[in-house]
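If you read the sequence shown in my numbering, its first letter stands for residue 21, the second for the next number, and so on.
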Amino acid sequence: MEAELKSPILTIKNPMPLSLAPPALPEGKLASKSPSTQPPTFWTTVKQNAPVYWHAFVCFARTPSGAFATFMMFMFVFWGAFLFLLLVNWVDFGEQQGLWVEITSQVENGFFSIMGIGLFPQRIWVTVCAFQLWRHRADADPAEIASWAARIKRQYAWYNMEDTPTRRAFPVRTFGLALYLYMFHSCLQCCISGIMWGFTRFNRPSAAIGVLIPISFIAIFAAEAIIALQGRKLTIVPGSEDEENVEVVFEENGAKFSRGTNCYQDGGQ
Numbered sequence: 021m022e023a024e025l026k027s028p029i030l031t032i033k034n035p036m037p038l039s040l041a042p043p044a045l046p047e048g049k050l051a052s053k054s055p056s057t058q059p060p061t062f063w064t065t066v067k068q069n070a071p072v073y074w075h076a077f078v079c080f081a082r083t084p085s086g087a088f089a090t091f092m093m094f095m096f097v098f099w100g101a102f103l104f105l106l107l108v109n110w111v112d113f114g115e116q117q118g119l120w121v122e123i124t125s126q127v128e129n130g131f132f133s134i135m136g137i138g139l140f141p142q143r144i145w146v147t148v149c150a151f152q153l154w155r156h157r158a159d160a161d162p163a164e165i166a167s168w169a170a171r172i173k174r175q176y177a178w179y180n181m182e183d184t185p186t187r188r189a190f191p192v193r194t195f196g197l198a199l200y201l202y203m204f205h206s207c208l209q210c211c212i213s214g215i216m217w218g219f220t221r222f223n224r225p226s227a228a229i230g231v232l233i234p235i236s237f238i239a240i241f242a243a244e245a246i247i248a249l250q251g252r253k254l255t256i257v258p259g260s261e262d263e264e265n266v267e268v269v270f271e272e273n274g275a276k277f278s279r280g281t282n283c284y285q286d287g288g289q
């Protein structure tokens, strides 16, 4: 007997039995080709989180400090691009070309000085706190160690001295290495600014500037790379073995860890 499935649009005769459905792939091959089992690439993560990043940037730019930082970033990129166009002669001012190169170079050096020299006192203070934290980490009072760690966290909010449900503690030695690179960058920027402001464009030693600027770039990029890579390494992925280890630690201390969240609740609640 013919089976019919009627609908307002069409009539299907002899629908395919369930037994004739395409065979399922072997479990091993299915698991190997499943995108859920493959770790996401860097660009995939960026693409998925782009709306979140943009929303965070907009919220940051609406604050007074964020608006100032955004304006400084825009001016830095604008004058840097203008300097590049002058150096490759895509913008020609004739006899005034050298003067405009000097003006844009001084403006760019001013932006670098704000970051390198302006943050020098903060970097010195954080380095002192990190040194005290490393020096007395074994014999000092826990309250004193927490006090030094709190001073660091007020300057660098991403720094964690202890494990949390979402991040492991940042190693003190790795943090100290990044701070030393920050300090090195500030010292190099002081030398660059001294040469830029102490000489004219006619007698300035260009070789010294050509050597110091790349080294300062390497120092600051290396510090940022260490912090970014170490921070990504210390992030606890939900469902991973690290999360289970953290859950055990929190349960042993009388707290119940909540998976997939940034908080934990008291075991008595």
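Even for Gly, the Cβ is constructed at its ideal location relative to N, Cα and C.
Going by other Cβ atoms of all chains shown within 10 Å of its Cβ, with 16 needed for buried, is V146 buried or exposed?
Locating residue 146 in the sequence shown gives position 126, counting from the first residue. It counts as buried.
Should A150 and G196 be called a contact, given that it needs their Cβ atoms to be closer than 9 angstroms?
Position 130 of the sequence shown holds residue 150. Position 176 of the sequence shown holds residue 196. Yes. Within cutoff.
Starting from the C-beta of I215, find all residues in its chain whose C-beta is less than 8 angstroms away, skip the five residues before and the five after it, and write them out in chain order.
Counted from its first residue, the sequence shown places residue 215 at position 195. Taken in chain order, the residues that qualify are R224, P225, A228, I229, L232.
Can you tell me the Cβ-Cβ gap for A242 and L201, rounded? I've got them flagged as a contact below 8 angstroms.
On the sequence shown, position 222 is the one that residue 242 refers to. On the sequence shown, position 181 is the one that residue 201 refers to. Between L201 and A242 the Cβ distance is about 5 angstroms, and since that is below 8 angstroms, they are a contact.
If I'm right that V221 touches G118 with Cβ under 8 angstroms, what's the distance once you round it to whole angstroms?
For the purposes of this step, residue 221 is taken as the residue at position 201 of the sequence shown. For the purposes of this step, residue 118 is taken as the residue at position 98 of the sequence shown. In the sequence as presented, Val is not what sits at residue 221; that position holds Arg. Indeed they touch by this definition, with Cβ atoms about 7 angstroms apart.
Below 8 angstroms, how does it come out for the stretch 84 to 104 and the stretch 60 to 76: are there three or more Cβ pairs, yes or no?
no
Inspect the beta-carbon positions of V208 and I172 and report whether they are closer than 9 angstroms.
Here residue 208 refers to the residue found at position 188 when the sequence shown is read from its first residue. Here residue 172 refers to the residue found at position 152 when the sequence shown is read from its first residue. Strictly speaking, residue 208 in this sequence is Leu, with Val absent from that position. Not a contact, by the Cβ cut-off of 9 angstroms.
For G136, count neighbouring Cβ atoms within 10 angstroms of its own Cβ and tell me buried if that reaches 16, exposed if not.
For this step, residue 136 is matched to residue 116 along the sequence shown. So G136 ends up on the buried side.
Mind checking which residues open and close the alpha helix (DSSP H) that includes E128?
Sequence index remark: in the sequence shown, residue 128 carries index 108 (1-based). It spans 117 to 136 - the alpha helix (DSSP H) in which E128 sits, taken as one unbroken run.
Have a look at V97 and F140 and give me their C-alpha separation to the nearest angstrom.
Locating residue 97 in the sequence shown gives position 77, counting from the first residue. Locating residue 140 in the sequence shown gives position 120, counting from the first residue. Near 23 angstroms, if we compare the C-alpha coordinates of F140 and V97.
When L105, F190, W99, F204 are compared against Q126, the one with the closest alpha-carbon:
Walking along the sequence shown from the start, residue 126 turns up at place 106. Nearest C-alpha to Q126: W99.
Return the chain-ordered ranges of every alpha helix (DSSP H) run that is complete within the stretch 65 to 124 and spans a minimum of 4 residues.
84 to 107
Relative to the C-alpha of T124, which residue among A76, G138, T194, M95 is closest?
Translated into positions along the sequence shown, residue 124 becomes position 104. Checking every option, the nearest Cα to that of T124 belongs to M95.
What separation, rounded to the nearest whole angstrom, lies between the Cα atoms of L4 and Q250?
Because the chain is modelled from 21 through 289, residue 4 falls outside the range shown and cannot be assessed.
Mapping DSSP to helix, strand and coil, what is R224?
Within the sequence shown, the letter at position 204 stands for residue 224. Of the three classes helix, strand and coil, the one that applies to R224 here is coil, per DSSP.
Taking the straight line between their C-alpha atoms, what separation do you get for G76 and D112?
Within the sequence shown, the letter at position 56 stands for residue 76. Within the sequence shown, the letter at position 92 stands for residue 112. Residue identity check: residue 76 is Ala in the sequence provided, not Gly. Going from the Cα of A76 to the Cα of D112 covers about 40 angstroms.
In three-state terms, what does DSSP make of L139?
As a working note, residue 139 is residue 119 in the sequence shown. Note: L139 maps to coil in three-state DSSP.
Drop a sphere of 10 angstroms on the beta-carbon of R143, count the other beta-carbons inside from all chains shown, and report buried for 16 or more, exposed for fewer.
Mapped onto the sequence shown, residue 143 falls at position 123. The residue in question, R143, is buried, as its Cβ has 16 or more Cβ neighbours within 10 Å.
Taking I246 as the reference, which of E164, L107, Q68, P191 has the closest Cα?
Mapped onto the sequence shown, residue 246 falls at position 226. The option with the nearest alpha carbon to I246 is P191.
Check this for me: beta carbons of I238 and F132, under 9 angstroms apart or not?
Numbered from 1 along the sequence shown, position 218 holds the residue referred to as residue 238. Numbered from 1 along the sequence shown, position 112 holds the residue referred to as residue 132. The answer is no: Cβ separation not under 9 angstroms.
Of all the options I134, E164, V108, which has the alpha carbon lying nearest to the alpha carbon of C210?
As a first step, residue 210 must be located in the sequence shown, where it is residue number 190. Of the listed residues, the one whose Cα sits closest to C210 is I134.
On the CB-based measure, 16 or more other CB atoms within 10 Å of its CB, does W110 come out buried or exposed?
Here residue 110 corresponds to residue number 90 of the sequence shown, with the count starting at 1. By the neighbour-count rule (16 or more Cβ atoms within 10 Å), W110 is not buried but exposed.
Please state whether DSSP places T194 in a helix, a strand or coil.
Here residue 194 corresponds to residue number 174 of the sequence shown, with the count starting at 1. Helix at T194.
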